[in-house]
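Colleague: Under this note's numbering, think of the first position of the sequence shown as 92, with each following residue one higher. No residue lacks a Cβ here, since even glycine has one placed at the ideal position from N, Cα and C. On a predicted model such as this, the values are computed, not experimentally measured, just so you know. First the structure, which I've put down as C-alpha cells, then a few questions once you've had a look.
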Amino acid sequence: MVKAVLLKPLDGLTEGSEHDFEQDDFNRLERLGAVRKVAVAKAAPPVLNKAAPPVANKSLDLGRTSRKG
Numbered sequence: 092m093v094k095a096v097l098l099k100p101l102d103g104l105t106e107g108s109e110h111d112f113e114q115d116d117f118n119r120l121e122r123l124g125a126v127r128k129v130a131v132a133k134a135a136p137p138v139l140n141k142a143a144p145p146v147a148n149k150s151l152d153l154g155r156t157s158r159k160g
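Take a look at the structure:
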C-alpha cells in the first residue's frame, strides 16, 4: 500500500485528502497527475544545542518605550 494525496477529485474523494492505494493503482494515478506520494520526512530537524546563549539584540523590556515627552 502507498499513502498518497489526491491532487484531483477522484470517485467522490476530495482533492487534498490522503488515501492508501495499491502500488499499481498509485503508479497509474501518478502518471495521470492525480496523486502524489505523502512525504515521510519530518517538518523540522531536532534542536541540537538547547543550551545556546540568548540572542544579544533582544530587549528584556518589550512592553515599555524609551520615548519621553
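If we ignore side chains and look at the alpha-carbon of each, how far apart do ASN118 and VAL146 end up?
Modeller: 49 Å
Colleague: So VAL131 and ALA95 are supposed to be a Cβ contact under 8 Å. How far apart are they, rounded?
Modeller: Contact flag wrong, Cβ pair sits at about 12 Å.
Colleague: Hey, could you find the ends of the beta strand (DSSP E) GLU109 is sitting in?
Modeller: 109-112
Colleague: Should LEU97 be labelled buried (16 or more other beta-carbon atoms within 10 Å of its own) or exposed?
Modeller: buried
Colleague: For a test of the three-state rule: what should DSSP assign to LEU139, helix, strand or coil?
Modeller: coil
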